Ligand SMILES: *Cc1c(COP(=O)(O)O)cnc(C)c1O
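Residue numbers (this note's numbering): 5 to 393.
Dropping the structure here:
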């Protein structure tokens, strides 16, 4: 992403042209309606012919949702976006738009859990097989490809170990073999990484995280070329019907207004906290692609303009000790998800992510609280471990 593109993102989310149709209303009104009516039968019939562009019924096209989709397409540098009721609705629809019964998928082995389950277990009933590979190795991706492989599914960085894939090379490889590519870009957001520019076919997002930004709404998006999106809109979007409501689209649009601002702040304070942890005696490793110690730091910084503030650290302290440690935190609250204003923590057996490992993997989401206080909070919880052992 160039500096000009970054400026375009800032303007795209902050500026709306004067809206004559709605008496100059400064935000897009919520079209809280399921259907739209017509004065003439001819107009009705012509709208029905073009239901994916004209407002006929809100499972197809709703003006509030369309406004969000236009903005997302612009900042992700794609031609067309569609919004869904959740990230998983977007992900499952995008995958189903690509694969057929008997196909094979290659997926990065540390993709978002439910996405892995969808590909690795659920799609088996349609005789679709998935091979999970170590995404940091292009050779592993290449050697997993079979004659019937039709989809390469990536997520970079992954959201527990924060491993990075070489997106330009992976997209090129897939394209040379006629394989479609989908990437989950939730962590970096359209502010910091634009995979369509590397040659990806479809980008998926959980808007529940950074775009919503306030932990008060669920949503997802699929973004790609008009060509790629056409069948998806007609089939998975309209037929599975997992659409976003206009009220949610309005909340998402509000979150989007401050996305670049929040990302700049969170990039900085996520790194501050990560650096502090890296220097701590009880921490054996910090998994954050923005740290020079990350094995793929250079690649990460080549393909991303900045970082999200979700990362993990590893410690040799046992799981139960670290779970008590998490309970002593005042600002980091125990809970799933991330991307809101509030800092969060989960404490996991490391063996779930690094097979055979004994130790503990702590995932932190750094929110918008003052980072000095967040660090002091982590420190007091560590001090009490040292004291009690
Ligand atoms: C949360 C999440 C999802 C799923 O999004 P939902 O809105 O919860 O369905 C997908 N990918 C990543 C990386 C996520 O963090």
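Beta carbons are placed, not taken as given, at the ideal position from N, Cα and C, and that holds for glycine. All values reported here derive from a predicted model rather than from experimental measurement.
Backbone secondary structure at residue 303 - three-state DSSP: The residue given as residue 303 occupies position 299 in the chain shown. Here residue 303 sits in helix by DSSP.
heavy atom of ligand 1 below 7 Å from residue 225 C-beta: Position 221 of the chain shown, counted from the first residue, corresponds to residue 225. It does not: the Cβ of residue 225 is nowhere closer than 7 Å to a heavy atom of ligand 1.
Inter-residue CB distance, residue 65 and residue 58 (contact presumed, cutoff 8 Å): For this step, residue 65 is matched to residue 61 along the chain shown. For this step, residue 58 is matched to residue 54 along the chain shown. Going by Cβ atoms, the distance from residue 65 to residue 58 rounds to 6 Å, so yes, they are a contact pair.
Buried or exposed (CB count within 10 angstroms, at least 16 for buried), residue 26: Within the chain shown, residue 26 is the residue found at index 22, counting from 1. Exposed, by the Cβ-count rule.
Check: residue 188 C-beta below 7 Å from any heavy atom of ligand 1: Along the chain shown, one-based indexing puts residue 188 at 184. Yes, since a heavy atom of ligand 1 falls inside the 7 Å radius drawn around the Cβ of residue 188.
Residue 166 and residue 291 closer than 8 Å at C-beta: Working through the chain shown from its first residue, we reach residue 166 at position 162. Working through the chain shown from its first residue, we reach residue 291 at position 287. Yes. Within cutoff.
Endpoints, beta strand (DSSP E) assigned at residue 319: Within the chain shown, the letter at position 315 stands for residue 319. Looking at the DSSP string, the run of the beta strand (DSSP E) that includes residue 319 is 314-319.
Inter-residue Cα distance where the pair is residue 120 and residue 104: Walking along the chain shown from the start, residue 120 turns up at place 116. Walking along the chain shown from the start, residue 104 turns up at place 100. Each residue's Cα considered, the two are about 17 Å apart.
Endpoints, the alpha helix (DSSP H) within which residue 254 is located: Residue 254 sits at position 250 when you count from the first residue of the chain shown. Start and end: 250-261.
Neighbourhood of residue 108 by C-beta, 6 Å cutoff - its chain only, sequence neighbours within 5 removed: Here residue 108 corresponds to residue number 104 of the chain shown, with the count starting at 1. So the list reads 133, 150, 152, 153, once near-sequence residues are dropped.
Close beta carbons around residue 220, own chain, < 7 Å, minus the five adjacent residues each side: Locating residue 220 in the chain shown gives position 216, counting from the first residue. The residues are 255.
Beta-bridge partners of residue 364, as assigned by DSSP: As a first step, residue 364 must be located in the chain shown, where it is residue number 360. Residue 364 is bridged to 319, 353.
The stretch 199-211 contacting the stretch 74-83, beta-carbon criterion three pairs below 8 Å: yes
Check: residue 92 C-beta below 7 Å from any heavy atom of ligand 1: Numbered from its first residue, the chain shown carries residue 92 at position 88. Correct: residue 92 has its Cβ closer than 7 Å to ligand 1.
Rounded separation between residue 279 and residue 389 - CA only: Taking the chain shown and counting its residues from 1, the one referred to as residue 279 is at position 275. Taking the chain shown and counting its residues from 1, the one referred to as residue 389 is at position 385. Cα to Cα, the separation comes out at about 20 Å.
Bridge-paired residues (DSSP) for residue 39: Residue 39 sits at position 35 when you count from the first residue of the chain shown. 61.
Whole-number beta carbon distance between residue 225 and residue 157, since they are thought to touch under 8 Å: Numbered from 1 along the chain shown, position 153 holds the residue referred to as residue 157. Numbered from 1 along the chain shown, position 221 holds the residue referred to as residue 225. About 16 Å; that fails the 8 Å criterion.
Assigned secondary structure, residue 190 (DSSP; H/G/I helix, E/B strand, else coil): What you label residue 190 is simply residue 186 of the chain shown in a count that begins at 1. Looking at residue 190 - three-state DSSP - the assignment turns out to be coil, as it is neither helix nor strand.
Residue 109 in three-state terms, based on DSSP: As a position in the chain shown, residue 109 is number 105, starting the count at 1. If DSSP states are grouped into helix, strand and coil, residue 109 belongs with the strands.
Three CB pairs or more closer than 8 Å across the stretch 369-381 and the stretch 328-335: yes
Distance CB(residue 347)-CB(residue 318) smaller than 8 Å: By 1-based counting over the chain shown, the position of residue 347 is 343. By 1-based counting over the chain shown, the position of residue 318 is 314. Not a contact, by the Cβ cut-off of 8 Å.
Per DSSP, cross-strand counterpart(s) of residue 135: One-based indexing of the chain shown puts residue 135 at position 131. Partner(s): 110.
Bridge-paired residues (DSSP) for residue 291: Looking up residue 291 in the chain shown gives position 287. The partner list for residue 291 (beta bridge, DSSP) reads 316.
Beta bridge counterpart(s) of residue 195 as assigned by DSSP: Your numbering for residue 195 matches position 191 in the chain shown. According to DSSP, residue 195 bridges with nothing at all.
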